[in-house]
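Below is one structure, written out as structure tokens; comments come after it.
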Amino acid sequence: GSYSAYSHFRIGAVLLTPDGLVIGGANVDFEPYGATICAERTAIVKAVAS
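Quick note on the numbering used here: the sequence shown kicks off at -3 and runs consecutively.
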């Protein structure tokens, strides 16, 4: 799930790979907004790390 204690934007994103694998990501924000990670970026990082 999304952790959006500061922005209150609960956002999720999914990637669908050519072989049908679904990879999800969620918005994660922190008080210093420079550390915030968008849902799309979280999903991409998860896909690369898998």
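Beta carbons are placed, not taken as given, at the ideal position from N, Cα and C, and that holds for glycine.
All values derive from a computational prediction rather than experimental measurement.
Query, Result
"Y29 in three-state terms, based on DSSP", "helix"
"C-beta atoms of Y2 and E27 nearer than 8 angstroms", "yes"
"6 angstroms Cβ shell around R6 - same chain, five flanking residues per side excluded", "S(-2), S0"
"Simplified DSSP state of I19, which is helix, strand or coil", "strand"
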